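Working notes, beginning with the structure itself.
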Amino acid sequence: MEAPRALARSDEGVPRGFLPGPARHIAVWSALTLLVTGVVSVGVWICVTFQTAVTPMLIALLGTALLGPFYRRLVAMKFNKSLAAGLTCAAVVVVMGGAAYIVVAALIDTGDQIITSLRDAAKSLSDEFGLAGTSLDDLAKNAKELLSKFGGTAASGVLTGVSAVSEFVAMAILAMLLMFFFLRDSDKAVASLHSLAPRGSGDTLEVMARRAFRAIEGYMRGTTLIAFIDGACIAIGLLILQVPGAIGLGALVFVGAYIPYLGSFLSGAVAILVAFADRGLVTALWAVGVVFAVQILEGNVLQPMIHSRTVQMHPAAILLALTAGASIAGILGMLLAVPLTAAVSGVLSELRARYGDGAGATAPPGSREVARAAG
11 MEAPRALARS DEGVPRGFLP GPARHIAVWS ALTLLVTGVV SVGVWICVTF QTAVTPMLIA
71 LLGTALLGPF YRRLVAMKFN KSLAAGLTCA AVVVVMGGAA YIVVAALIDT GDQIITSLRD
131 AAKSLSDEFG LAGTSLDDLA KNAKELLSKF GGTAASGVLT GVSAVSEFVA MAILAMLLMF
191 FFLRDSDKAV ASLHSLAPRG SGDTLEVMAR RAFRAIEGYM RGTTLIAFID GACIAIGLLI
251 LQVPGAIGLG ALVFVGAYIP YLGSFLSGAV AILVAFADRG LVTALWAVGV VFAVQILEGN
311 VLQPMIHSRT VQMHPAAILL ALTAGASIAG ILGMLLAVPL TAAVSGVLSE LRARYGDGAG
371 ATAPPGSREV ARAAG
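Numbering-wise, the working numbering comes out as the position in the sequence shown, counting from 1, plus 10.
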């Protein structure tokens, strides 16, 4: 005698009629959410516990994503893979070393001038608004303590920070070595992923990994280009306005652009305060116009044009990622948070493209790929 449909059992032995369909879907998604939360929590704990090893690995991954096209072009030119990876790493050392020298030299040359202008601005605001200006004066004092590390008054700070500097150098060397192996052995990494994946899921994991890496690659290349344009435009505008330390402020804008929204806002505010202190209210208003014009150019032209082909994230998601990264690893966490969030966004987009459509879920894999390519 055939069992009633309500008592028919699923493959797991659970009666299908035990819960209505919507409740079953909610239960499955709740279990999946708890599983993902647990995995993410364990991953965060591992990253925090082994931060000295994880940080160079993440930096090497970002460097690989940024310079992967250069390496692939060298390989296409019949260079040996090891030689191509070595040349890429050498190019990183030259470019990053030159950029760091330019930025630090600009801050050394103009740091005292910028701090003096900030203190003058704080004093002017204090005379006008009282306690608000006093808090800005305290902010200028704190900024002076930070920038003094790049000036001649930082001798004692350098002596007391030898261990931190040595740790930074060790992490930089480790990141460079890891980037060399990431570039040279990327094909072996794909094969290892296939061998470690459960049977039948290797291709899917490879697609997910490639999508995540493409998202990081596009984000890093796009952000670097946007940061360079922002810094150059603001530096040129400040030079036209004859604001002191324009090159250093432009370098500050370039570095701050790697922290979306917050970095641009803070570096732009510093530029405006310096203009106000040294050149007066009219020049400060012109500086406000320059900063806002650059931000409008970035938000309405550069970001849609550059990032639209890679990954798009809502500003709220970016701010939450920045907050989480800052709470876990400070400034370094803020720098790494958005690229990693871009990778997660890329994986979720791939999952949605593969399994989000109910009709596509039952179609053969080949038909899904053909349909996606046609769309």
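Glycine included, each C-beta is placed from N, C-alpha and C at the ideal position.
None of these values were measured; they are calculated from a predicted model.
- The stretch 93 to 101 makes no contact with the stretch 206 to 218: fewer than 3 CB pairs, one atom from each, lie closer than 8 Å.
- Counting along the chain, M323 sits inside no alpha helix (DSSP H), nor does DSSP assign it H or E at all.
- Take the alpha-carbon of W55 and the one of G48: they are about 11 Å apart.
- Setting aside the 5 residues that flank it on each side, S196 has no residue in the same chain whose C-beta is closer than 7 Å to its C-beta.
- Residue range 256 to 266 is occupied by the alpha helix (DSSP H) that includes F264.
- With 16 or more other Cβ atoms inside 10 Å of its own Cβ, I316 counts as buried.
- Taking one beta carbon from each stretch, the stretch 63 to 73 and the stretch 173 to 187 have 3 or more pairs nearer than 8 Å; the two touch.
- T74 is classed as buried because its beta carbon has at least 16 other beta carbons within 10 Å across all chains shown.
- Buried is the label assigned to A261, since at least 16 other Cβ atoms lie within 10 Å of its Cβ.
- The C-alpha of I36 lies about 12 Å from the C-alpha of L44.
- Following the DSSP letters along the chain, one finds S196 inside the alpha helix (DSSP H) bounded by residues 196 to 206.
- Going by beta carbons, A294 and L283 fall inside the 9 Å limit.
- L312 is a Cβ neighbour of I236, given a cutoff of 9 Å.
- Excluding residues up to 5 positions away in sequence, E216 lie with their Cβ nearer than 7 Å to the Cβ of V200 in the same chain.
- DSSP, read as helix, strand or coil, puts I341 in helix.
- In the DSSP annotation of this structure, the continuous segment of the alpha helix (DSSP H) that includes G228 starts and ends at 212 to 250.
- Per DSSP, L312 lies in no alpha helix (DSSP H) and is assigned neither H nor E.
- The three-state secondary structure of G335, taken from DSSP, is helix.
- By the neighbour-count criterion, in which a residue is buried when 16 or more other Cβ atoms sit within 10 angstroms of its Cβ, R362 is exposed.
- By the CB criterion at 9 Å, G356 and A225 fall inside the cutoff.
- In the three-state DSSP reduction, K91 falls in the helix class (H, G or I).
- Residue nearest to Y229 within the set T351, A334, A63, L251 is T351 (criterion: CA-CA distance).
- In the displayed model, Y271 falls within coil according to three-state DSSP, outside both helix and strand.
- Fully enclosed alpha helix (DSSP H) runs of no fewer than 4 residues occupy 61 to 86 of the stretch 51 to 100, in order along the chain.
- For A86, the number of other beta carbons within 10 angstroms of its own is below 16, and it is reported as exposed.
- With a 10 Å radius around the Cβ and a threshold of 16 neighbouring Cβ atoms, Y81 comes out buried.
- For A242, the closest C-alpha among the options F264, T65, V58, A326 is that of F264.
- Nearest to L248 by alpha-carbon distance, out of S337, A285, R220, is A285.
- In this structure G78 is buried. Its beta-carbon is surrounded by 16 or more other beta-carbon atoms within 10 angstroms.
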